[in-house]
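All letters in the sequence shown, in the order written, are residues 1 to 328 by the UniProt record's numbering.
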Amino acid sequence: MLPLVAYGERVWVQSVTPADLTSYRVAVQLSAQRIGRWNPVNPDDLLWHLRQQSQDHRTFLVHAHQKSGGHDLVGKINVMNVVRGRFQSGTMGYDAYDPYAGTGLFAEGLRLTVGLAFASVPSGMGLHRVEADVRPGNETSAGVLRSLGFRREGHVRDMLWLESAGETRWRDHDTYAVTASDWPSPAFRPHAPLRITALVGGARGPERTALARRLALELGVPLFSSSILGSGADARPLWRLLADSPAGGVLEHSWETCEPGEANRELEAIGIRPGTVPEVSWALGSAAQDQLAGAGPVIEVDADARVSPKSVVALALRIRAIHVDHAL
Numbered sequence: 001m002l003p004l005v006a007y008g009e010r011v012w013v014q015s016v017t018p019a020d021l022t023s024y025r026v027a028v029q030l031s032a033q034r035i036g037r038w039n040p041v042n043p044d045d046l047l048w049h050l051r052q053q054s055q056d057h058r059t060f061l062v063h064a065h066q067k068s069g070g071h072d073l074v075g076k077i078n079v080m081n082v083v084r085g086r087f088q089s090g091t092m093g094y095d096a097y098d099p100y101a102g103t104g105l106f107a108e109g110l111r112l113t114v115g116l117a118f119a120s121v122p123s124g125m126g127l128h129r130v131e132a133d134v135r136p137g138n139e140t141s142a143g144v145l146r147s148l149g150f151r152r153e154g155h156v157r158d159m160l161w162l163e164s165a166g167e168t169r170w171r172d173h174d175t176y177a178v179t180a181s182d183w184p185s186p187a188f189r190p191h192a193p194l195r196i197t198a199l200v201g202g203a204r205g206p207e208r209t210a211l212a213r214r215l216a217l218e219l220g221v222p223l224f225s226s227s228i229l230g231s232g233a234d235a236r237p238l239w240r241l242l243a244d245s246p247a248g249g250v251l252e253h254s255w256e257t258c259e260p261g262e263a264n265r266e267l268e269a270i271g272i273r274p275g276t277v278p279e280v281s282w283a284l285g286s287a288a289q290d291q292l293a294g295a296g297p298v299i300e301v302d303a304d305a306r307v308s309p310k311s312v313v314a315l316a317l318r319i320r321a322i323h324v325d326h327a328l
């Protein structure tokens, strides 16, 4: 198997060799206290990685062109857990070493490594997607990823069984990723979350507001409800809140108080296609048609029936499906 190598202005990156074992131990021991806050520390684990080297498990070392502190190792980067087939995806884990941590050299090496991960075989790993998982609170690690244009994709509970600061337990992680089609990616590229919006209307009352709240929680978006504005309030504050929400939201309002076509005009002004915004009508069977906002597809909910958790999940999934189907 050929070594993978890339050269930068201040660092160079190469897949690991047996000659790296001694300098690796020195680098890890010098950095153990800082690394140990977030990751297990083992100065001898490079030998295990050496034995695992394959096209689907690569360990890269970042070397400084100008050596400092008794060794030239800026950091280690593992690209592993590769899934081929239709995924072509791998997971990246890494450590930066003293005295180079905080100098920007590791970020340069990480960029070179991601480039190798995306490069075609045999000069690279031929991946489509690279993921990195960071424990919440590790601002430095997450900041490096964002500086390379990685996007945050979500939060995963109890993801990894990790020792840290003398305690071993399941640890939550935030997932970041970038794809080959986006590489190289602009630094600190804004996130682009799926913007899901739904309107909730129909018969007034606390039950309608409770349904809207449960929907917002299941969809993972904010709730904007006119119930906090008082009786007779118009929808203008809700539209302003929605306009400033990058994730969309669930808007609950008595839509009969709006002017005809208001919902469509406001949604279009915000940049949301009305056809992608379903309208959940609470007690449509007993409510007049003029209680509808007149935006996208209507989903009826029977106010006389108990809305179970299963029903809320099904309703949220339907809203997502409408959004995706009409957005294509």
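Virtual Cβ for every residue (Gly too), placed ideally from N, Cα, C. Just so we're clear, the structure is a prediction, and the values are computed from it rather than from any experiment.
- Query: Are the CB atoms of Pro-186 and Gly-143 nearer to each other than 8 Å?
  - Reply: If you number the sequence shown from 1, residue 186 lands on position 186. If you number the sequence shown from 1, residue 143 lands on position 143. Contact flag unset, no.
- Which residues share a DSSP beta bridge with Phe-224? Taking the first residue of the sequence shown as position 1, residue 224 is located at position 224. In the DSSP assignment, the residues bridged to Phe-224 are Leu-251.
- Message: Taking the straight line between their C-alpha atoms, what separation do you get for Thr-209 and Pro-278?
- Response: For this step, residue 209 is matched to residue 209 along the sequence shown. For this step, residue 278 is matched to residue 278 along the sequence shown. Approximately 17 Å between the Cα atoms of the pair.
- Item | Asp-95 versus Tyr-176 - alpha carbon distance | The count along the sequence shown starts at 1 and reaches residue 95 at position 95. The count along the sequence shown starts at 1 and reaches residue 176 at position 176. Distance between the alpha carbons of Asp-95 and Tyr-176: 16 Å.
- Identify, in the order they occur along the chain, each residue of the same chain with its Cβ nearer than 6 Å to the Cβ of Ala-27, setting aside the five sequence neighbours on each side. Locating residue 27 in the sequence shown gives position 27, counting from the first residue. Correct list, in chain order: His-71, Leu-73 and Tyr-97.
- With a 10 Å radius around its C-beta and 16 neighbouring C-beta atoms as the bar for buried, classify Ser-141 as buried or exposed. The count along the sequence shown starts at 1 and reaches residue 141 at position 141. Around the CB of Ser-141, 16 or more other CB atoms lie within 10 Å, so the residue is classed as buried.
- Item | Sequence-distant residues of its chain with Cβ nearer than 8 Å to Leu-127 (five each side left out) | Against the sequence shown, residue 127 aligns to sequence position 127. So the list reads Val-79, Val-82, Gln-88, Ser-89, Gly-90, Ala-117, Phe-118 and Ala-180, once near-sequence residues are dropped.
- Item | Cβ pair count under 8 Å reaching 3, the region 254 to 262 against the region 303 to 313 | No, they do not touch.
- Where Tyr-100 falls, given that 16 or more other Cβ within 10 Å makes a residue buried: Mapped onto the sequence shown, residue 100 falls at position 100. With a 10 Å radius around the Cβ and a threshold of 16 neighbouring Cβ atoms, Tyr-100 comes out buried.
- Enumerate in chain order the residues of its own chain whose CB-to-CB distance from Pro-274 is below 8 Å, with the five nearest sequence positions on each side excluded. On the sequence shown, residue 274 is found 274 positions in, with the first residue counted as 1. Once the five neighbours on either side are set aside, the close Cβ partners of Pro-274 are Ala-263, Asn-264, Leu-267, Glu-268, Ala-295 and Gly-296.
- Query: For Met-80, which residues does DSSP report across the bridge?
  - Reply: Locating residue 80 in the sequence shown gives position 80, counting from the first residue. In the DSSP assignment, the residues bridged to Met-80 are Thr-91.
- Item | CA-to-CA distance, Leu-315 to Val-114, given in whole angstroms | Translated into the one-based positions of the sequence shown, residue 114 becomes position 114. Translated into the one-based positions of the sequence shown, residue 315 becomes position 315. Spanning the two alpha carbons is a distance of roughly 40 Å.
- Run the CB neighbour count on Trp-48, radius 10 Å, all protein chains shown included, and call it buried at 16 or more, exposed below. Residue mapping note: residue 48 aligns to position 48 of the sequence shown, counting from 1. Burial call: exposed.
- Starting from Asp-174, follow its DSSP beta bridges and name the residues at the other end. Counted from its first residue, the sequence shown places residue 174 at position 174. Residue pairing by DSSP places Asp-174 opposite Val-134 and His-155 in a beta bridge.
- Query: So, are the CB atoms of Val-221 and Ala-212 less than 8 Å apart?
  - Reply: Along the sequence shown, read from residue 1 onward, the residue named residue 221 stands at position 221. Along the sequence shown, read from residue 1 onward, the residue named residue 212 stands at position 212. Contact: no.
- Message: For the beta strand (DSSP E) containing Val-66, name the first residue and the last one.
- Response: For the purposes of this step, residue 66 is taken as residue 66 along the sequence shown, with counting starting at 1. The question names Val, but residue 66 is Gln in the sequence shown. Here the beta strand (DSSP E) through Gln-66 covers 58 to 68.
- Task: State the Cα-Cα distance for the pair Gly-102 and Arg-129, rounded to the nearest angstrom.
- Result: Within the sequence shown, the letter at position 102 stands for residue 102. Within the sequence shown, the letter at position 129 stands for residue 129. Straight-line Cα distance between these residues: approximately 26 Å.
- Query: Do you know how far the Cα of Phe-224 is from the Cα of Asp-158?
  - Reply: Counted from its first residue, the sequence shown places residue 158 at position 158. Counted from its first residue, the sequence shown places residue 224 at position 224. Rounded to the nearest angstrom, the two C-alpha atoms are 31 Å apart.
- Message: Check this for me: beta carbons of Val-156 and Leu-145, under 8 Å apart or not?
- Response: The count along the sequence shown starts at 1 and reaches residue 156 at position 156. The count along the sequence shown starts at 1 and reaches residue 145 at position 145. Not in contact: Val-156 and Leu-145 (Cβ atoms no closer than 8 Å).
- Query: Leaving out the 5 sequence neighbours to the left and right, which residues in its chain are closer than 7 Å to Asn-138 when beta-carbon positions are compared?
  - Reply: As a position in the sequence shown, residue 138 is number 138, starting the count at 1. Exclusion of the five residues before and after Asn-138 leaves Trp-38 as the residues of its chain whose Cβ lies within less than 7 Å of its Cβ.
- Cβ separation of Leu-238 and His-253, assumed to be a contact under 8 Å, to the nearest whole Å: On the sequence shown, position 238 is the one that residue 238 refers to. On the sequence shown, position 253 is the one that residue 253 refers to. Between His-253 and Leu-238 the Cβ distance is about 6 Å, and since that is below 8 Å, they are a contact.
- Query: So is Glu-108 buried or exposed if we call it buried at 16+ other beta carbons inside 10 Å?
  - Reply: Within the sequence shown, the letter at position 108 stands for residue 108. Label assigned to Glu-108: buried.
- Can you tell me whether DSSP reads Asp-20 as helix, strand or coil? The count along the sequence shown starts at 1 and reaches residue 20 at position 20. It is helical.
- With DSSP run on the structure shown, which of helix, strand or coil describes Phe-259? Position 259 of the sequence shown, counted from the first residue, corresponds to residue 259. Looking at the sequence shown, residue 259 is not Phe but Glu. Three-state DSSP puts Glu-259 in coil, outside helix and strand.
- Under the rule that 16 or more other beta-carbon atoms within 10 Å means buried, what is Trp-161, buried or exposed? Numbered from its first residue, the sequence shown carries residue 161 at position 161. The Cβ neighbour count for Trp-161, taken over all protein chains shown within 10 Å, is under 16; the residue is labelled exposed.
- 6 Å Cβ shell around Trp-12 - same chain, five flanking residues per side excluded: For the purposes of this step, residue 12 is taken as residue 12 along the sequence shown, with counting starting at 1. Apart from the 5 residues on each side of it in sequence, Trp-12 sits with its Cβ closer than 6 Å to the Cβ of His-63 in its chain, given in chain order.
- For the putative contact between Met-125 and Gln-52, defined by C-beta atoms under 8 Å, what is the C-beta separation to the nearest angstrom? Position 125 of the sequence shown, counted from the start, is the residue given in the question as residue 125. Position 52 of the sequence shown, counted from the start, is the residue given in the question as residue 52. About 14 Å separates the CB atoms of Met-125 and Gln-52; that is not less than 8 Å, and the two are not in contact.
- Message: If the criterion is Cβ atoms closer than 8 Å, does the pair Pro-246 and Glu-163 meet it?
- Response: Numbered from its first residue, the sequence shown carries residue 246 at position 246. Numbered from its first residue, the sequence shown carries residue 163 at position 163. No.
- Message: Here's the rule I'm using: 16 or more other beta-carbon atoms within 10 Å means buried, otherwise exposed. How should Thr-197 be labelled?
- Response: Mapped onto the sequence shown, residue 197 falls at position 197. The residue is buried, with at least 16 neighbouring Cβ atoms inside 10 Å.
- I think Ile-299 touches Arg-320, with their Cβ atoms under 8 Å apart; what is that distance to the nearest whole Å? Along the sequence shown, one-based indexing puts residue 299 at 299. Along the sequence shown, one-based indexing puts residue 320 at 320. About 12 Å separates the Cβ atoms of Ile-299 and Arg-320, ruling out a contact at the 8 Å cut-off.
- Message: Let me make sure I understand the geometry here. Which of Ser-15, Pro-18 and Asp-44 has the alpha-carbon closest to that of Gln-29?
- Response: Position 29 of the sequence shown, counting from 1, holds the residue named residue 29. Answer by Cα proximity: Asp-44.
- Endpoints, the alpha helix (DSSP H) within which Trp-38 is located: The count along the sequence shown starts at 1 and reaches residue 38 at position 38. For Trp-38, no alpha helix (DSSP H) encloses it, and the DSSP letter there is neither H nor E.
- Using the Cα positions of Glu-218 and Val-313, report the straight-line distance between them to the nearest angstrom. Along the sequence shown, one-based indexing puts residue 218 at 218. Along the sequence shown, one-based indexing puts residue 313 at 313. Cα-Cα distance, rounded: 7 Å.
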